[in-house]
Structures are given as C-alpha cells and as structure tokens.
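Encoded as structure tokens, the structure appears first; notes follow it.
Chains as they are written, first to last, in the numbering used here: chain A, 1 to 274; chain B, 275 to 548.
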C-alpha cells in the first residue's frame, strides 16, 4: 500500500531488523524510525537494509524538546537536534519530527520563544543536510512537560516568526488535533503555505486510561480519521499516512498480530490505496 | 475570606452537613453545591442551613450534557436541566455550571449545535427563576465524551449564536484553559461582554496520572493561577474563586486535613483576601 507507513515505536517490542521483515509482509511501504531503534547500529547499514527491504524512510522521530531553564540546557537540546540531523541524513530520512518541549511551571510563552530560537539554531545544518523539520502540535494535555505548541495555529505562528523558511513545516497527528474547531481551516492553510509535511494516524479511546500510552488502533476510538485525511489530501498532500500508536495494551500482546490488525485497519480506512 | 469558595465535590467524603460546619471554620465564605450532595434532602432546608452557616451559595454543579444520539435522549437532557434550574432556585444558587456534553464518535460540530439548542430550550425557565447558565469550556482531553466546547473562544461563539442573552455566560476553570494561547484575550472579551460568571481554581500535576481525578491543590502543579486570576479580576470580576479539585489522592486522605491545606493554599495565593 503506497501511502502506508508505520512508526517503529508502534511495534516497539520488535527490533528494527524485525520491523524490516514484518512491515513489508503486511503491505507497509514506509517506515518512520524512532531514534532509540538506531542505538548501537551502523546508520549507513540501516539505510541500505531499509532500502533493500523495499521500505522508504519517511521520517526520523524525534527532535525538539528545546525549552530548558538554563542556557546550558537549551544548548544541550540544540546539540541533540544537530545530532538528529546527522542521523536523519545518514539513514536517508528527509524529515525530523519535532516534539517541541515545555518546562513545567515555566511560562508557555517563554517556552514558545525558546522553541523558535532552537529551531532557528538547528535549521542551517538541517538545510545543508537536506533534512526538513516538522513542528508537531501536541495535544493540550501535554502542555506541561512535552510541548508548548498545542494547536496548528501555534505551529503556523512559529513558522511565521521564523520567516517561513523552506525546510520548516508541520506534522499533523490526528490524536493531537482532532478536537480543534479550527482544524480544517488550519490544514487548508498548511497546504497553501506548503507546510504540510507529515500525517500521523491512530485513534482516541473512550475512556482513555493513560495520558501517554492508551492510544487506539484506527477504528477503536472516536476520531474522524478518514474525514481529516480527506482534508489533508485536498491540500495536495500525497505523502504517507503514518501509524503511530503508543499503547500499553497493544504492547502487551504479540506484535505480529498487532501488525496484522494495523494493516487490516489501514486497508479498511483507505481501500483505494492498493 | 470573602472570595473563597469550595465545591462540595472537592471534599466529597464529607456530607453536605459536614461541609456546612467545616467550610466556615477555615475561612470559606462560598459554597458550590454539586447536585449529588442534595440527594434525599429538603432543598428549602438546605438553603436555610447554608445561610445560617454563613455561606453564600455560589453555584450549582452541574447541568449540561445536552448532546445525545436520539431526540428522546436530547429531551431527557433538557428535562434534567430544567430540574437543575428548579434545584438551583430552591437552594438559592444564582448560577448553574454547564458541562456541555459530547457523544463519542459523533461529529463535534453536531454536538455543538445540540448544546446551543439545549441551552436555548432551558433558558426561558432559567431566566424566569433568576438562575444564570455558565458554559464551562472543558479541556480538549474531554472532547470525546464530556464536552464539545473546549476553548473560551467556542463558549463565546455559543453565546453569540444564542444572541448574547442575559443569563448565559462562561465559567473559567484554570484546569481546562490554562494552556490556551488566547486565554488572556478571551478573558478580556468575556469581561467586555459581561459573560464572566465563575472562576474555578486547582492545579495541573506533572505528571498527571489520571485524566479525571488527578487534579492538584493550588501550588502543587504548573498552572500560573495567580496570573490568570489577575486577568480575571482586571475585567472587573469580583466573584468567588472556587476551589474545585477532583483527586483520588486527596480523596484517599482525611478531608478535614485536606480542607486545612486548601485554606492555607488559598491564603498563600490571595493574601489580600482577608
């Protein structure tokens, strides 16, 4: 399936090597690699093996986490993002997804400024390496410690503040933004501005029992995924739909059976993507 | 303390009669009564006892939950809200807080329309009874099943759709809106429009371990409560600051000791409110 991508974190109990075998067997054509999956590996070999497996590297997850109380902390974050740029370049990932960061108890406006400054500091190296940076607005329930960027509107504002450079855009994850009454308008705007760089899917469980790791497989929850997908595609987006599920429940079972279900769920949702 | 209110749900292990004794001992001057605290009680007697205890009834919690799949379900919700209006009138509560509702898997725009319709249906009886209705925007993490109104901007839009009637306004709860980059502007607007009817406080824990019942005592978390309070007061708001904490942790301990801590925390936050 030409637009079907899975994040390595989704089946985190599988090694990267196992993903390279199991993903293509189920029609997956793209892979987003989480950095922990690269630990201890030769990145050039990963690029080769992924290509040999018939998988396109869609993006590297994740950079960001720019805000910090001290200047040294902020520099450490920038250094880590520069390392991510090198990693992305080495494995052939054209994009890094940014979870922008926040510091509990610090003003959100301050964190947002530090995020813009951090992106600006990393951007030249990213542009030189041909790696784009995608700001992922995170659900407002993560505003305390994961991201001070909680809506697409804010992500656009950061792009604007930076002067709309080539190479900085937005990653839309339905889990984070499905509730936003401005969602369609902001997706349209992202299309017009050429900022729509990635599209992540999963579902919102009712009830949700854990703030981090209770995401649903598409169809298990209440998100209007297909409708949002159609909004995204209507902007001209032709990239992958990336399945990114953090779930203690699914991680507690057989990962190959989980992949079977992901593949079936994707095919149900996008029957035209053969 | 003249602007210090506590919700009965905050110390839910105490009976209403115990609240009427324990709240005033700690400087509490206002009480918001949750409807379950009225079960089996004579409402006229509650009004008398509350007054005799020196407590002002600030509001009744909660009405709302208007959206439903069937017309019968929506009518049942309206009937329940009409009952809430009678209860509020009987206990002397000038305001009902609306948790507006949502139906998992139904379009949020549809729920928002049903919310506006529901408020419109209840409004005449509320106006006749001298009871105001306050739309409480709920945190986006409750968009699936508790409220399709997740920002102050949306609450304003519903007020506008209804024609800005007297008697419909907004309840601001820092827990739900602290992350919103538009918060100050929307509070200002609520002041200008005469819509700011209630102000609820508690704190956001980092990490938060439960989506519903892990709120913090003021000062335990990361919300800039005093700053938001000052924005609210700058609009001319002189009403109570209502302590509304749902917490399995605090509910697991002695409720009188918890009230002591609430009182101390309030006094720390608002030293000028003697």
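Don't be surprised by glycine CBs; every beta carbon is placed ideally from N, CA and C.
Residue 413(B) touches chain A at which residues, Cβ-Cβ below 8 Å?
140, 141
Suppose you measure from the CA of residue 463(B) to the CA of residue 409(B); what does that come to, to the nearest Å?
Each residue's alpha carbon lies about 15 Å from the other.
Can you name the start and end residues of the alpha helix (DSSP H) that residue 505(B) belongs to?
499-508
Can you pull the chain B residues whose beta carbon is under 7 Å from the beta carbon of residue 154(A), in chain order?
Result: 455.
For residue 310(B) and residue 331(B), what's the separation of their Cα atoms in angstroms?
When rounded, the separation of the alpha-carbon atoms in residue 310(B) and residue 331(B) is 15 Å.
At the level of alpha carbons, what is the spacing between residue 477(B) and residue 334(B)?
21 Å
Applying the 10 Å Cβ sphere with the 16-neighbour rule, what's the burial state of residue 214(A)?
That one is buried.
For residue 378(B), go through chain A and note every residue whose CB falls closer than 7 Å to its CB, in chain order.
206, 222
Are three or more beta carbon pairs between the stretch 69-77 of chain A and the stretch 44-55 of chain A nearer than 8 Å?
no
Closer than 7 Å by beta-carbon distance: list the chain B residues that pair up with residue 144(A), in chain order.
478, 480, 496
For residue 242(A), which residues of its own chain have a beta-carbon under 8 Å away from its beta-carbon, when the five flanking residues on both sides are left out?
5, 6, 7, 30, 32, 58, 59, 198, 199, 200, 201
Could you tell me which residues DSSP pairs with residue 346(B) in its beta bridges?
DSSP, once it has assigned bridges, lists no residue as partnering residue 346(B).
Would you mind listing the alpha helix (DSSP H) stretches within the stretch 362-424 of chain B that are 4+ residues and don't spill past its ends, in chain order?
Runs of the alpha helix (DSSP H) inside the stretch 362-424 of chain B: 382-403.
For residue 512(B), which of helix, strand or coil comes out of DSSP?
coil
From the beta carbon of residue 248(A), is the nearest beta carbon of chain B less than 8 Å away?
no
Can you give, in chain order, each stretch of the beta strand (DSSP E) that sits fully within the stretch 410-496 of chain B and has at least 3 residues?
442-447, 470-475
Let me see if you follow: with CB-CB separation under 8 Å, is residue 107(A) close to chain B or not?
For residue 107(A), the answer is yes, since a Cβ of chain B falls inside 8 Å of its Cβ.
Alpha helix (DSSP H) containing residue 543(B): first to last residue?
529-543
Just the Cα atoms here: how many angstroms apart are residue 182(A) and residue 540(B)?
36 Å
Report, in whole angstroms, the separation of the C-beta atoms of residue 372(B) and residue 336(B), which I expect to be a contact under 8 Å.
7 Å
If we cut at 8 Å on Cβ distances, does residue 487(B) have a partner in chain A?
no
Are any of the Cβ atoms in chain A nearer than 8 Å to that of residue 424(B)?
yes
Mark residue 192(A) as exposed unless 16 or more other C-beta atoms lie within 10 angstroms of its C-beta, in which case mark it buried.
Taking all protein chains in view, the Cβ of residue 192(A) is surrounded by fewer than 16 other Cβ atoms within 10 Å, so the residue is classified as exposed.
Can the beta-carbon of residue 380(B) be found closer than 8 Å to that of residue 343(B)?
yes
Do you know offhand how far residue 88(A)'s Cα is from residue 64(A)'s?
Computed Cα separation, rounded: 14 Å.
Going by Cα to Cα distance, which pick from 315(B), 360(B), 313(B), 275(B) is closest to residue 297(B)?
275(B)
Assuming residue 331(B) is part of the beta strand (DSSP E), what are its boundary residues?
330-338
If we ignore side chains and look at the alpha-carbon of each, how far apart do residue 119(A) and residue 129(A) end up?
15 Å
Do you know offhand how far residue 227(A)'s Cα is from residue 414(B)'s?
19 Å
How many whole angstroms separate the CB atoms of residue 149(A) and residue 232(A), which I take to be in contact at a CB cut-off of 8 Å?
19 Å between Cβ atoms; not a contact.
Ignore the nearest five residues each way along the sequence and tell me which others in residue 536(B)'s own chain have a CB closer than 6 Å to its CB.
517
For the candidate residues 179(A), 194(A), 185(A), 251(A), whose alpha-carbon lies nearest to that of residue 225(A)?
179(A)
The alpha helix (DSSP H) spanning residue 324(B) covers which residue range?
317-326
Buried or exposed for residue 238(A), going by 16 or more other Cβ atoms inside 10 Å?
exposed
What residue from 230(A), 185(A), 236(A), 221(A) has the CA that sits closest to residue 245(A)'s CA?
When the alpha-carbon of residue 245(A) is set against those of 230(A), 185(A), 236(A), 221(A), the nearest one is in 221(A).
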